[in-house]
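Visitor:
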Amino acid sequence: PETGFALGVRVWVDGKRAAGALVTKKSSQGSGAPSSARVDSLGTARVKGLRKESYWLEVTTPQLGWTYSQRVQVTADADLPLDLRTVPLAATVRDARTNAPIPGAIVRATPLLGSDDHIRLTPQVFRCGADGRTSDARLLRAAYYVEAEAAGYEPATTLVNLTSPTPTVVTLSLDRSRE
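Mapping the sequence shown onto the numbering used here, position 156 (from 1) lands on 183, and the numbers just tick up by one.
(1) Determine the direct distance from the alpha carbon of L34 to that of A105, and round the result to whole angstroms.
(2) Look at the Cβ atom of L201, then the Cβ atom of A123, and state whether they are nearer than 7 angstroms.
(3) Sort R168, I146, R147 and T137 by Cα distance to F9 and report the nearest one.
(4) Can you check which of these residues, V40, R73, T30 and S68, is closest to T51 by C-alpha distance?
(5) Can you list the beta strand (DSSP E) stretches of 3 or more residues lying completely in the stretch 80-107, in chain order?
(6) Determine the DSSP secondary structure at P138, reduced to helix, strand or coil.
(7) Could you tell me the alpha carbon to alpha carbon distance between V38 and L69, rounded to whole angstroms?
(8) Which of the three DSSP states, helix, strand or coil, is assigned to S200?
(9) Specify, as a first and last residue, the run of the beta strand (DSSP E) that A33 falls within.
(10) Which residues in the same chain have their Cβ closer than 7 angstroms to the Cβ of A45, if we skip the five residues on either side of it in sequence?
(11) Nearest-angstrom Cα distance between P194 and A117?
(12) Let me see if you follow: with CB-CB separation under 7 angstroms, is A33 close to chain C or not?
(13) State yes or no: is the C-beta of A183 within less than 7 angstroms of the C-beta of L167?
(14) Are the beta-carbon atoms of T94 and R165 separated by less than 7 angstroms?
(15) Shortest alpha-carbon distance to C155 belongs to which of R98, A60 and D163?
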């Protein structure tokens, strides 16, 4: 049979079950409607009614605020273990002239992945506190363009490769706008 396959997806984030995460399948060929399954307390979700074709599986974790997507080829019933590992990013945004922190600055981390990759990540946005720093920024291991912006300043961007389990520290200095 060419239809009716099921995919058991085991989702763990940093070694813990990702209960409550949403697993959505979308045909990579644009056929069929997306369908979803919620990850249970054991860390598993079962996506049913699949055909023999390629799909994007999206895992959305509300507690971390990002979506991980992976292309899978379905040819039979199967199990897919996803053990996603995050790393901390500590960003500080400062005024380039005075070195003062810029409270409320926005930091955007955009994954640097090619269009032919089998994995996609959504960009993440963080707001700096009164000290000009982000807090609780956890991202999947990858390379990211990290951009900072604030009212009255020109944006600044840097490339960061997040691989270490210890916080990667980034300081972005913004120049005042000429407007």
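Glycine is no exception: its CB is placed at the ideal position from the N, C-alpha and C atoms.
Guide: Reading off the structure:
(1) Working through the sequence shown from its first residue, we reach residue 105 at position 78. Working through the sequence shown from its first residue, we reach residue 34 at position 7. A105 and L34: Cα-Cα distance of roughly 5 angstroms.
(2) Taking the sequence shown and counting its residues from 1, the one referred to as residue 201 is at position 174. Taking the sequence shown and counting its residues from 1, the one referred to as residue 123 is at position 96. Yes, they are a contact pair.
(3) The structure shown does not extend to residue 9, since the chain is modelled only from 28 through 206, so no value can be given for it.
(4) The residue labelled residue 51 in the question sits at position 24 within the sequence shown. Selected option, being the one with the closest Cα: R73.
(5) 81-88 and 93-100
(6) Residue mapping note: residue 138 aligns to position 111 of the sequence shown, counting from 1. Strand.
(7) Position 11 of the sequence shown holds residue 38. Position 42 of the sequence shown holds residue 69. When rounded, the distance between both Cα atoms is 9 angstroms.
(8) Position 173 of the sequence shown holds residue 200. Strand at S200.
(9) Taking the sequence shown and counting its residues from 1, one reaches residue 33 at position 6. Residues F32 to V40.
(10) In the sequence shown, residue 45 corresponds to position 18, counting from 1. The answer, listed in chain order, is V38, W39, V66, G70 and T88.
(11) Working through the sequence shown from its first residue, we reach residue 194 at position 167. Working through the sequence shown from its first residue, we reach residue 117 at position 90. Answer to the nearest angstrom: the Cα atoms are 6 angstroms apart.
(12) Checking the listed chains, one finds no chain C in this structure; it contains a single protein chain.
(13) The sequence position of residue 183 within the sequence shown is 156, counting from 1. The sequence position of residue 167 within the sequence shown is 140, counting from 1. No, they are not a contact pair.
(14) Here residue 94 is taken as the residue at index 67 of the sequence shown, counted from 1. Here residue 165 is taken as the residue at index 138 of the sequence shown, counted from 1. It is not a contact, given that the beta carbons lie outside the stated cut-off.
(15) Taking the sequence shown and counting its residues from 1, one reaches residue 155 at position 128. Taking only the C-alpha atoms, the option nearest C155 is D163.
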